[in-house]
Amino acid sequence: MELKNDLILRAAKGEDIDRYPVWLMRQAGRILPEYRAVRSSLSGFKELVETPERAAEVTIQPVDILGVDAAIIFSDILVVPEAMGLEYQMIEQKGPWFEKTIRSREELKLISDSFDINDRLGYVLEAIKITNRELHGRVPLIGFAGAPWTILCYMVEGKGSKTFSESRKLLYTDPALAHELLSMITKVTIQYLKAQIKAGAHMVQIFDSWAGILGTEQYAEFGLKYISLIADAIKEVPVTIFSKGAITSLGSIGKLNCNTVGLDWNMDITETRKMVGKSRTLQGNLDPCTLYSSHKEVENLTIKMLDTFTSKRHIVNLGHGVYPDVDPEKVKTFIKTVKNYELRK
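Be aware that the sequence shown starts at 2, since it is given in the working numbering, and climbs by one per residue.
As structure tokens, this is what we get:
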């Protein structure tokens, strides 16, 4: 189906655009009353993720309500470890929790990287198909997966953490096991992203939420090495890599086989452009807390950010996911400001 609005794809590929495209991480849900109404009709987050028709419905809501230039499929990065054999629960107010963890070679036997993606993750693929059918080509659909390092963190820790000390400990006590687990995650992730693309994803994003807890050398060894394998394998659609907190690794990320480098709000746009060069698109990076400001201040700070762009190779976003208590009207102000901003020739 031909896309009526392909701005984000053109920006990712470095093609000419007449305005910057804009979307938000975690736009599918969280801030919208319409999302909460759908979720309250189900048993919880996981049922919503695993019910293709409802996942498609909440994926489309921000396109209808906020006017974003792309949809991102409503899912979770933790569907991958669950498909590999490590079931998780999403506990209200606490986040993800795994009953079993991978901290030894014996526990590695609990999981597998050899299974039918369509069989175990078919609900995500079906949601992608339904979403595209219902979007009627209005905007592109983004697929995604967690980066291997971030997925390892949850599989080893068993929950969220401020330090992920168990995961980092593994890198020192049994690096061979860490590499084996990362290799397994990478294999599944490549298959999963390719299946998303086949189902209809127009571009994909790799989320490395916990990149910033590693030093530069460790991140190169246990993070970027595996992201590189994924990026090299995905040739069908544009690829975005978002490594939150990995400021010292931006130059290396820019050398990977990706179209777009995502920035968190602590990453300076001008300096990042120097580090990654002109051949990559940047994505981001307004501080999500900006959206707590007045409408006028949201507009002013958005324009201030836009004024720092030195290239049309930019996709506008926040520096992380939108927070759940943000007023949707402030988000609309942010999006409207981007759309009204006049590009420099």
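Positions of the beta carbon are idealized from the N, C-alpha and C atoms, including for glycine.
(request) Could you name the residues that DSSP lists as bridge partners for residue 241? (result) 206, 261
(message) I'd like to check one pair, residue 277 with residue 246: are the Cβ atoms closer than 8 Å?
(response) no
(request) Would you kindly work out how many angstroms separate the C-alpha atoms of residue 190 and residue 37, rounded to a whole number? (result) 29 Å
(message) The beta strand (DSSP E) that contains residue 287, what's its start and end?
(response) 282-287
(request) State the start and end residues of the unbroken beta strand (DSSP E) segment that holds residue 1. (result) Only positions 2 to 346 of the chain appear in the structure, and residue 1 is not among them; the question remains open.
(request) Identify whether residue 22 lies in helix, strand or coil by the three-state DSSP scheme. (result) coil
(request) Work out the CA separation of residue 54 and residue 211 for me, nearest whole Å. (result) 31 Å
(request) Check whether the Cβ atoms of residue 347 and residue 283 sit closer than 8 Å, and answer yes or no. (result) In this structure the chain extends from 2 to 346, so residue 347 is not present and cannot be described.
(message) Quick check: what's the CA-CA separation for residue 310 versus residue 270?
(response) 7 Å
(request) Tell me residue 307's beta-bridge partners as DSSP assigns them. (result) Beta-bridge pairing links residue 307 to no other residue.
(message) Closest to residue 263 by C-alpha separation, out of 315, 333, 118, 198, would be which residue?
(response) Checked all of 315, 333, 118, 198; the closest Cα to residue 263 is 315.
(message) Using a Cβ-Cβ cutoff of less than 6 Å, which residues in the same chain neighbour residue 125 once the five nearest sequence positions on both sides are dropped?
(response) 76
(message) residue 69 and residue 24 - do their beta-carbons sit closer together than 8 Å?
(response) yes
(message) Could you give the first and the last residue of the continuous alpha helix (DSSP H) run that contains residue 109?
(response) 106-109
(request) Thinking residue 122 and residue 133 are a contact (beta carbons under 8 Å), I'd like their distance in whole angstroms, please. (result) Incorrect: roughly 17 Å between the Cβ atoms, too far for contact.
(request) Would you tell me roughly how many angstroms separate the C-alpha atoms of residue 237 and residue 161, rounded to the nearest one? (result) 33 Å
(message) Mapping the DSSP letters down to three states, classify residue 323 as helix, strand or coil.
(response) coil
(message) Give me the residue from 302, 9, 35, 297 with the minimum Cα distance to residue 289.
(response) Of the candidates 302, 9, 35, 297, the one whose C-alpha sits nearest the C-alpha of residue 289 is 302.
(request) Determine, using beta carbons only, whether residue 207 and residue 148 come nearer to each other than 8 Å. (result) yes
(request) Measure from the alpha carbon of residue 80 to the alpha carbon of each residue in 57, 71, 48, then state which is nearest. (result) 48
(message) Using a Cβ-Cβ cutoff of less than 7 Å, which residues in the same chain neighbour residue 135 once the five nearest sequence positions on both sides are dropped?
(response) 57, 61
(message) Once DSSP output is grouped into helix, strand and coil, what is the label at residue 224?
(response) Residue 224 falls in the helix class under three-state DSSP.
(message) Just verifying my parser: in three-state terms, what is the DSSP assignment at residue 29?
(response) coil
(message) One question on the structure: do residue 26 and residue 322 come within less than 8 Å of each other, judged by their Cβ atoms?
(response) yes
(request) Classify residue 138 as helix, strand or coil using the three-state DSSP reduction. (result) coil
(message) Quick check on residue 344: buried or exposed, where buried means 16 or more other Cβ atoms within 10 Å of its Cβ?
(response) exposed
(message) For a test of the three-state rule: what should DSSP assign to residue 160, helix, strand or coil?
(response) If DSSP states are grouped into helix, strand and coil, residue 160 belongs with the strands.
(request) Could you round the C-beta distance between residue 287 and residue 252 to whole angstroms and report it? I think they count as a contact, below 8 Å. (result) About 23 Å separates the two Cβ atoms, so there is no contact after all.
(message) Between which two residues does the alpha helix (DSSP H) holding residue 335 run?
(response) 329-341
(request) Identify which residue in 266, 243, 299 has its Cα closest to the Cα of residue 1. (result) The shown model of the chain, from 2 to 346, leaves out residue 1, and the question about it has no answer.
(request) Locate the alpha helix (DSSP H) running through residue 255, then write down its first and last residues. (result) 251-255
(request) Starting from residue 165, trace the beta strand (DSSP E) both ways and give me its first and last residue. (result) No beta strand (DSSP E) contains residue 165, which DSSP labels as neither H nor E.
(request) Just tell me which of 103, 196, 305 has its CA closest to the CA of residue 175. (result) Answer by Cα proximity: 103.
(message) Does residue 318 come out as helix, strand or coil in the three-state DSSP assignment?
(response) strand
(request) Can you have a look at residue 331 and say buried or exposed, based on whether 16 or more other CB atoms are within 10 angstroms of its CB? (result) Here residue 331 is buried. Its C-beta has 16 or more other C-beta atoms within 10 Å.
(request) Rounded to whole angstroms, what's the CA-CA distance from residue 179 to residue 171? Just pull it up for me. (result) 6 Å
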